[in-house]
């Protein structure tokens, strides 16, 4: 079972849809979270038709922009939707090939520091009911340490503390990361250029 999360920063353009379809096929992805899709609900069915071999769930019911879509191959997975919220979608996933179930939570956290605190409450509310392996992944819009950010503006200490407290409370450990140390840049020139690691994947110790 291959699980993936991608901040696509818009899914309306055909070239972007083709790029994602090609990626899914090439990498044999069975479960994928698409984040920051920027597709209005009225257009969602048309765009989803481009991914015809996948079943899908979204979070329009919790946020008018439907910030998260989750796609999966129904022939390979049985997916039960346990919670749909503005900043996450929480699932129980049964892999037919491996005969195993896990929990998967896709996250796309708000940019506003106060509003996005709700995510930690939501995650902490889920944790007591998690009795299987649990994968939490996505765009958290936050760094864990000062080393995760190169920018003129330092990270906010209380936000990092909230993040760490949530992870340690339920023993969520970071998955090994391959590639460059940062996942986001502001694309500005010269001294104004900034980099951050905002995309994360965590698992519980089960």
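Numbering (the UniProt record's numbering), first residue to last: 1 to 206.
Beta carbons: idealized from backbone N, C-alpha and C, even for Gly.
No experiment lies behind these values; they were computed from the predicted model shown.
Candidates the options, of which the one nearest residue i by Cα
| i | options | result |
| --- | --- | --- |
| residue 21 | 1, 48, 42 | 48 |
| residue 96 | 163, 200, 74 | 74 |
| residue 39 | 9, 52, 188 | 9 |
| residue 4 | 12, 41, 69, 42 | 69 |
Distance between residue j and residue i (C-alpha atoms, nearest Å)
| i | j | result |
| --- | --- | --- |
| residue 89 | residue 103 | 11 Å |
| residue 125 | residue 190 | 43 Å |
| residue 14 | residue 177 | 30 Å |
| residue 129 | residue 168 | 17 Å |
| residue 138 | residue 100 | 22 Å |
| residue 106 | residue 192 | 31 Å |
| residue 209 | residue 147 | Here the chain comprises residues numbered 1 to 206, so residue 209 is not present and cannot be evaluated. |
| residue 65 | residue 118 | 17 Å |
| residue 165 | residue 204 | 14 Å |
Classification of residue i by the beta-carbon crowding that lies within 10 angstroms, buried from 16 upward
| i | result |
| --- | --- |
| residue 266 | Only positions 1 to 206 of the chain appear in this structure, which leaves residue 266 out of reach. |
| residue 67 | buried |
| residue 33 | buried |
| residue 81 | exposed |
| residue 59 | buried |
Beta-carbon spacing of residue i, residue j below 8 Å
| i | j | result |
| --- | --- | --- |
| residue 200 | residue 174 | yes |
| residue 162 | residue 134 | no |
| residue 196 | residue 123 | no |
| residue 50 | residue 17 | yes |
| residue 27 | residue 57 | no |
| residue 62 | residue 85 | yes |
| residue 54 | residue 71 | yes |
| residue 141 | residue 186 | no |
| residue 152 | residue 194 | yes |
DSSP three-state assignment for residue i, whether helix, strand or coil
| i | result |
| --- | --- |
| residue 162 | helix |
| residue 135 | strand |
| residue 22 | helix |
Interface flag, residue i vs chain C, CB-CB below 8 Å
| i | result |
| --- | --- |
| residue 143 | Of the chains in the structure shown, none is chain C; there is only one protein chain. |
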